[in-house]
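Enquirer: As you go down the protein sequences, you meet chains A and B in turn. The working numbering puts the first residue of the first sequence at 142, with every later residue one more than the last. The working numbering puts the first residue of the second sequence at 5, with every later residue one more than the last.
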Amino acid sequence: MKASGASESAQPSFFRVFASSREPSSQGQQKKPTRIVSTNVCADQLALALVERSRIASVSRLSTEPQISNYAEAAKGIPVNNARAEEIVELKPDLVLGDIYTGAHANRLSQSLGVPVHVIGAGASLDDVRKIVRGVAEAVGEPERGVAMIAAMDARIARAQSQPGAEITALVYEPNGVSSGNGTLTHDVLKTAGLKNLAPELMPGSYGTVPLELVIASAPRLLILDDAYTGTSSRAQSILRHPAFRSLEGKSALYAMPSRLWICPGPWIAEAVEKLAAERARLAP
Amino acid sequence: MLGRSSEFGLIAALTATTLVVAAASLFIGYAPLATREVIDGLFGGAGTAGIIMQDIRLPRMILGLMSGAALGISGAALQGLLRNPLAEPGVMGIAACASLGAVIAIYFGLSKEFPLALPAIAMLGALAAAGILSAMSGRDNGILILILAGVALANLAAALMALAMNLAPNPWAVSEIIYWLMGSLKDRSMEEVYLAAPFVAVGLALLAFSGRALDALTLGDEAASSLGIKVLSTQRLVTLGVALAVGASVAVTGAIAFVGLIVPHLCRPFVGHMPSRLLWPSAIGGALLVVAADTAVRLVPSGPELMLGVFTSLIGVPFFLWLVFKLRREVQ
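1. If I measure Cβ to Cβ from alanine 419/A and keep anything under 8 angstroms in the same chain, skipping five residues before and after, which residues do I get?
2. With DSSP run on the structure shown, which of helix, strand or coil describes proline 268/B?
3. Could you confirm whether any beta carbon from chain A is found closer than 8 angstroms to the beta carbon of leucine 193/B?
4. Give the secondary structure of histidine 328/A by DSSP, where H, G and I count as helix, E and B as strand, and everything else as coil.
5. Applying the criterion that 16 or more other CB atoms from any shown protein chain within 10 Å of the CB defines a buried residue, is asparagine 159/B buried or exposed?
6. Buried or exposed: which applies to aspartate 268/A, given that a residue is buried once 16 or more other Cβ atoms fall within 10 Å of its Cβ?
7. Using a C-beta cutoff of 8 angstroms, does proline 123/B count as contacting chain A?
8. Per DSSP, what kind of secondary structure is histidine 246/A in: helix, strand or coil?
9. Would alanine 73/B and leucine 208/B be called neighbours here (beta carbons separated by less than 8 angstroms)?
10. With three or more C-beta pairs closer than 8 angstroms as the rule, is the stretch 180-190 of chain B touching the stretch 215-228 of chain B?
11. Return the chain-ordered list of same chain residues with a C-beta closer than 8 angstroms to the C-beta of valine 308/A, the five sequence neighbours on each side being excluded.
12. Less than 8 angstroms between the CB atoms is what I'm expecting for serine 199/A and asparagine 222/A, so what's the real figure, rounded?
13. Measuring CA to CA, which of Glu11/B, Ile56/B, Val242/B, Leu148/B is closest to valine 206/B?
14. Quick check on the burial criterion: 16 or more other C-beta atoms within 10 angstroms. Buried or exposed for valine 335/B?
15. When the distance is taken between beta carbons, is isoleucine 233/B closer than 8 angstroms to alanine 249/B?
16. So who's on the other strand from aspartate 368/A, going by DSSP bridges?
17. Where in the stretch 254-329 of chain B do unbroken runs of the beta strand (DSSP E), each at least 3 residues long, occur, reported from the N-terminal end onward?
18. What ranges does the alpha helix (DSSP H) occupy inside the stretch 237-325 of chain A, keeping only unbroken runs of at least 4 residues that lie completely in it?
19. With a threshold of 8 angstroms between beta carbons, is asparagine 317/A in contact with chain B?
20. Which residue wins for smallest C-alpha separation from phenylalanine 12/B, given the options Trp176/B, Ile288/B, Ala102/B?
21. Listed from N- to C-terminal order along the chain, which residues in the stretch 252-274 of chain A have their beta-carbon within a distance smaller than 8 angstroms of any beta-carbon of chain B?
22. Quick check on the DSSP output: the alpha helix (DSSP H) that includes glycine 79/B runs from which residue to which?
23. Start and end of the beta strand (DSSP E) containing asparagine 338/A?
24. Helix, strand or coil: which one does DSSP assign to isoleucine 410/A?
25. So which residues of chain B does glutamate 354/A contact, with C-beta pairs closer than 7 angstroms?
26. Which value, in whole angstroms, describes the spacing of the CA atoms of proline 285/B and isoleucine 260/B?
27. Report the partner residues of leucine 160/B according to the DSSP bridge assignment.
28. Taking the straight line between their C-alpha atoms, what separation do you get for leucine 189/B and arginine 64/B?
29. Are valine 328/B and leucine 293/B close, meaning C-beta to C-beta below 8 angstroms?
Right, here's the structure in full:
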């Protein structure tokens, strides 16, 4: 479990920081919740992936943001909430899915009213992702769907890994040089896709900034931009507008990863692995 | 009384120190470059060392010198104009309005579409602040009115920046705004130097030109008027000079606090209390302080690089408090 501070929540890696997956709620196994309220965009997506839409009473405001949510289309039309305690209670949920930060007050209040609350973490590894998926599946009363979802995800990952080609170096580069090192889901995704993440060598800690000098000097074979602004095409250019990046021409390839594929723990992580593994297969010597 | 020679002595000493520190700053960075590589890289060497020296370390040093000079001379001029030792560009709301301009550019995504929109709008913010201040300083030019208007502008800008973060469409926009507001010279390029340099240069010239009028103002508005100094136009000259110099440097570096406050106070014991004699030493001292601080943040083993604006605030706030205590003792 990774400790997290308020300062980290300011970074783009925001959602990946939450880190405590509580035990599956102790509600009865028979009665499946039918008024699920989710206050976190990661929980929103898992709920939408695991249960019938009709059982979801509300999702978070960010759930319809296509940059963050893989279920932005599916979430449209479901009432949105802002994780405020009063509005959550007003929705009369029989299950609240949340995280430890944004909806903390709503979670406490719901719990005191006897509504089961399931808190998800961000996940610092693929193993955490499996645990989180399993936990939510059990909380919503669909454990076998969870198991199937994890199996499908693992099958995709295994297929991606089976592609030929040697390991290549890679670095995630977000605005202001923010990157992800050891103990992050991003790092695990890179490793699983056969990439050697350079961030641990270039900066201390799990999240931090890599000085441009070191990006230039280390010349990663694959420079991965976290593309939070898919659709606005000039995004990549503005991150890389420093003239020093010119020197990477011919040495480094660029890949813009849609943020939604790895900002939240969930089966969509498999797609992130596939995309990076394909880049590796293309670039490997 | 301290004479002209002490002013020139100070300028010479500061210039020499600044040159040494600036040169040393080129040798300090993250990529492990040998002395030889640094020098070759700086003078036309190709390859990685050349890129690092010419595109990263050199612009960083130049921006440090430039923004430091702008902040230092602006602080000295404002302290002279307002006859208030606590005056500095931050107090006048000019730096805050420049920051607001930058935040607007980030918030609406303009800086994504046109990277130069950020510094351009930041400068517009500084100029707008200067315009408002000039308009406020009407005919009965009260210094107090000017300070109060500045404080109001600074708070308005801070409130609007908080609003932008409050309503930001996604966490990435918030994080970019916060990074920017912390102030840094990290990973800047020559593009930023070329953008800011003309405005800083004009600003510096206007402020240097105001020296004689500022000296006269130390005698009071009426006495200055009787000496043929136009008080109102001096106010406008200084305000415009500060807006150009500080606005342009804030536009490319973010908010680097307290330099404008500290430097004139450090120089004053050497040159006495004539504002005109303080201007150039403060400009050079500001350049020295910022380049030294920016070199220090690269040496502090803090994990993530300490942001320059955070570092200068950490030094500046205790200094500010000390200044207030000293003033209190003098008053009693």
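Cβ atoms here follow ideal geometry from the backbone N, Cα and C, with glycine treated the same way.
Expert: In short:
1. Position 278 of the first sequence holds residue 419/A. Same-chain partners within the cutoff: Ala301, Gln304.
2. Walking along the second sequence from the start, residue 268/B turns up at place 264. Of the three classes helix, strand and coil, the one that applies to proline 268/B here is helix, per DSSP.
3. Here residue 193/B corresponds to residue number 189 of the second sequence, with the count starting at 1. Note that residue 193/B corresponds to serine in the displayed sequence, not to leucine. Chain A contact via Cβ: present.
4. By one-based count along the first sequence, residue 328/A stands at place 187. Of the three classes helix, strand and coil, the one that applies to histidine 328/A here is helix, per DSSP.
5. Looking up residue 159/B in the second sequence gives position 155. Flag for asparagine 159/B reads exposed.
6. Start at 1 with the first residue of the first sequence, and residue 268/A comes out as number 127. Answer is exposed; the Cβ neighbour count stays below 16.
7. Counting from one through the second sequence, the residue named residue 123/B turns up at place 119. False, the Cβ-Cβ gap to chain A never drops below 8 angstroms.
8. As a first step, residue 246/A is located in the first sequence; it is residue number 105 there, counting from the start. For histidine 246/A, the secondary structure class from DSSP, reduced to helix, strand or coil, is helix.
9. Within the second sequence, the letter at position 69 stands for residue 73/B. Within the second sequence, the letter at position 204 stands for residue 208/B. With respect to leucine 208/B, alanine 73/B sits close: the two C-beta atoms are nearer than 8 angstroms.
10. no
11. Reading the first sequence from its first residue, position 167 is the one you call residue 308/A. Checking the sequence, you will find glutamate at residue 308/A rather than valine. Correct list, in chain order: Gly335, Leu336, Lys337, Arg421, Ala425.
12. Within the first sequence, the letter at position 58 stands for residue 199/A. Within the first sequence, the letter at position 81 stands for residue 222/A. With a Cβ gap of about 5 angstroms, serine 199/A and asparagine 222/A count as contacting.
13. Taking the second sequence and counting its residues from 1, the one referred to as residue 206/B is at position 202. Valine 206/B has its Cα closest to that of Val242/B, out of Glu11/B, Ile56/B, Val242/B, Leu148/B.
14. As a first step, residue 335/B must be located in the second sequence, where it is residue number 331. Exposed.
15. One-based indexing of the second sequence puts residue 249/B at position 245. One-based indexing of the second sequence puts residue 233/B at position 229. It is not a contact, given that the beta carbons lie outside the stated cut-off.
16. For the purposes of this step, residue 368/A is taken as residue 227 along the first sequence, with counting starting at 1. Pro399/A.
17. none
18. Counting only runs of 4 or more, we get 245-253, 267-280, 284-302.
19. In the first sequence, the residue the question calls residue 317/A occupies position 176. Interface residue, yes.
20. Here residue 12/B corresponds to residue number 8 of the second sequence, with the count starting at 1. Looking at the Cα atoms, Ile288/B is the closest of the given residues.
21. none
22. Within the second sequence, residue 79/B is the residue found at index 75, counting from 1. First-last of the alpha helix (DSSP H) with glycine 79/B: 62-86.
23. Counting from one through the first sequence, the residue named residue 338/A turns up at place 197. Asparagine 338/A -> beta strand (DSSP E) spans 336-338.
24. Locating residue 410/A in the first sequence gives position 269, counting from the first residue. Three-state DSSP puts isoleucine 410/A in a helix.
25. In the first sequence, residue 354/A corresponds to position 213, counting from 1. Per Cβ cutoff of 7 angstroms: Gly33, Tyr34, Ala35, Ile56, Ile60.
26. Taking the first residue of the second sequence as 1, we reach residue 285/B at position 281. Taking the first residue of the second sequence as 1, we reach residue 260/B at position 256. Roughly 19 angstroms separates the two Cα atoms.
27. For the purposes of this step, residue 160/B is identified with residue 156 of the second sequence, where counting begins at 1. Answer is none; leucine 160/B lacks a bridge partner.
28. Here residue 189/B refers to the residue found at position 185 of the second sequence. Here residue 64/B refers to the residue found at position 60 of the second sequence. Computed Cα separation, rounded: 6 angstroms.
29. As a first step, residue 328/B is located in the second sequence; it is residue number 324 there, counting from the start. As a first step, residue 293/B is located in the second sequence; it is residue number 289 there, counting from the start. No, Cβ-Cβ distance for valine 328/B and leucine 293/B is not below 8 angstroms.
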